[in-house]
Structure formats: structure tokens, C-alpha cells
Amino acid sequence: GAGVSQTPSNKVTEKGKYVELRCDPISGHTALYWYRQSLGQGPEFLIYFQGTGAADDSGLPNDRFFAVRPEGSVSTLKIQRTERGDSAVYLCASSTLAGDTQYFGPGTRLTVL
Amino acid sequence: SQQGEEDPQALSIQEGENATMNCSYKTSINNLQWYRQNSGRGLVHLILIRSNEREKHSGRLRVTLDTSKKSSSLLITASRAADTASYFCATGPNSGNTPLVFGKGTRLSVIA
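Same order as they appear, the protein sequences are chains A and B. For the first sequence, position 48 matches number 48 in our numbering, and the numbering has no gaps at all. For the second sequence, position 84 matches number 197 in our numbering, and the numbering has no gaps at all.
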């Protein structure tokens with residue numbers, strides 16, 4: 001079956017612009033996670049959803065970051081007023097209701113000029 | 114913040130040799146997982162070991178867990194050039210759906 005997909009694969013934007021990153025989880029997976037990975041580092045947790053609601057958003061760095069999952073499937077990570085420090089690979093993962101294993105998408109590489 | 118620390122940060126070996134990577138963590142866990150990442154993109158899940166397990170095998174992979182020392186090791190036997198990648202340990206503090214806490218990774222290079 002299809003894995004987790006993310007679009008776009010690459011996004012280049014200018015400082016101050018708004019961006020949206022999309023994640024399509026594995027069909028039937030109720031849990032969806034967003035992570036951010038900077039160069040030379042491991043992924044860092046941002047937010048996760050159980051169904052439509054954000055179960056834990058403690059990893060979001062500030063209020064410029066926001067994520068939604070209105071129908072409990074596709075999720076969108078939104079970043080307002082982007083800064084150069086937001087440049088990173090944004091990874092999405094999904095898992096089953098009680099699953100410990102998270103399946104990752106290929107990521108979106110965001111570059112803020 | 115990152116809980117895990119992989120050791121070494123980088124490892125270079127000849128094809129056919131075994132590769133051992135270590136991971137230490139700080140707080141109690143429910144499980145520990147190892148992932149592989151090629152070219153800084155998506156992570157591939159390799160193996161999960163639960164806190165009540167001490168050793169687990171999957172093909173050429175062998176993972177050990179020592180909860181008293183808060184450490185784990187990943188052994189790749191008979192390495193191949195295709196094993197070249199970054200390897201991350203990630204801890205799950207609770208069972209079920211919880212965010213993973215990743216280390217910084219070990220960069221493995223297998224030379225043909």
C-alpha cells in the first residue's frame with residue numbers, strides 16, 4: 001500500500017512569507033506527527049494529532065507555527081512570517097491507534113532566503 | 114531537546130565488516146527504536162525493542178537494550194555499501210501514540 005506522502009518535496013521562500021506543507025498519512029492511521037530536522041541533527045517533535053485534534057503541540061517553537069487536520073486524514077503545517085531559522089526538513093509520520101512504530105514520509109525541505 | 118546520544122557520531126568500515134552503533138538516553142522508556150535515513154530525507158523504521166526485552170534480531174540487525182545503563186546498541190553484520198546511511202535511535206516514553214525523541218545519529222559509511 002501507499003506510504004506517507006508529503007508535498008512539496010522542496011519549498012524555497014523568502015523571509016516573511018507564509019508557507020503550507022502537506023502530509024498525507026497512511027490510510028487508516030489515526031495518529032499523525034510532525035517533526036523538524038535541522039542539518040546534522042535528529043528529528044525534533046513539533047505536534048501530533050489523534051484523529052482531528054492536536055493531542056500534543058508542545059514542540060511548536062512559537063505561534064508562527066500552526067497545524068490542522070480537519071478530517072482526521074491529511075494534515076497541513078502552516079508557518080507564518082517565515083524566518084531564515086525555519087529552514088529545515090519537515091517530516092511527517094503516522095501510526096495506527098495503538099501503534100508504537102511510526103512510518104515517515106520523505107519530508108519537505110524548506111529553505112527560507 | 115534530544116534525549117538520545119548516538120556514539121560514534123561517524124563510523125567508516127569496509128564492506129563485509131560488522132558495524133556497531135550505541136545509543137544512550139536519559140529518562141525511563143517504554144520502547145526504543147532504530148531508524149535509518151538516507152540523504153537527509155525520510156526515515157525507515159528498522160527495529161523496535163521494548164523495555165522488558167534485552168535483545169532482538171531482524172535479518173542482519175541485532176539490537177540490545179540495557180535499561181539499567183539506559184543504553185542500546187545496534188549491530189549490523191556483514192555490512193554492505195547499501196548500508197551507508199545515518200542511523201538514529203528514538204525513544205518512546207509511553208506505549209501507544211506518543212512522540213518519539215531522537216538522538217543526533219551516527220553517520221555510517223561502508224566502503225566497497
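Idealized CB from N, CA, C, for every residue including glycine.
Those residues which DSSP pairs with residue i across a bridge
| i | result |
| --- | --- |
| residue 208/B | DSSP output for residue 208/B lists no bridge partner at all. |
| residue 11/A | 110/A |
| residue 93/A | 33/A, 104/A |
| residue 50/A | 31/A, 53/A |
| residue 120/B | 135/B |
| residue 224/B | 127/B |
| residue 148/B | 158/B, 201/B |
| residue 21/A | 77/A |
| residue 175/B | 170/B, 188/B |
| residue 5/A | 24/A |
| residue 219/B | 200/B |
| residue 88/A | 110/A |
| residue 67/A | 77/A |
| residue 44/A | 36/A |
| residue 163/B | 144/B |
Of the listed residues the options, nearest to residue i (C-alpha basis)
| i | options | result |
| --- | --- | --- |
| residue 85/A | 50/A, 52/A, 62/A, 53/A | 62/A |
| residue 80/A | 93/A, 92/A, 71/A, 64/A | 64/A |
| residue 213/B | 120/B, 146/B, 139/B, 121/B | 146/B |
| residue 154/B | 71/A, 104/A, 44/A, 25/A | 104/A |
| residue 195/B | 120/B, 129/B, 119/B | 129/B |
| residue 23/A | 13/A, 113/A, 73/A, 111/A | 73/A |
| residue 54/A | 44/A, 43/A, 95/A, 32/A | 32/A |
Residue i and residue j closer than 8 Å at C-beta
| i | j | result |
| --- | --- | --- |
| residue 126/B | residue 192/B | yes |
| residue 160/B | residue 144/B | no |
| residue 222/B | residue 197/B | yes |
| residue 78/A | residue 93/A | no |
| residue 110/A | residue 15/A | no |
| residue 107/A | residue 215/B | no |
| residue 44/A | residue 59/A | yes |
Beta-carbon separation (whole angstroms), residue i vs residue j, contact threshold 8 Å
| i | j | result |
| --- | --- | --- |
| residue 219/B | residue 119/B | 4 Å |
| residue 29/A | residue 101/A | With a Cβ gap of about 11 Å, residue 29/A and residue 101/A do not count as contacting. |
| residue 183/B | residue 138/B | 5 Å |
| residue 3/A | residue 26/A | 6 Å |
Pair every Cβ in the segment 186 to 206 of chain B with every Cβ in the segment 134 to 143 of chain B, then say whether three or more of these pairs are closer than 8 Å. With a cut-off of 8 Å, the segment 134 to 143 of chain B and the segment 186 to 206 of chain B count as touching, because enough Cβ pairs lie within range.
Cβ contact check for the segment 6 to 21 of chain A and the segment 40 to 50 of chain A: 3 or more pairs under 8 Å: Segments in contact, no.
Does the segment 34 to 46 of chain A touch the segment 81 to 97 of chain A, meaning 3 or more C-beta pairs lie closer than 8 Å? At 8 Å Cβ cutoff, the stretches touch.
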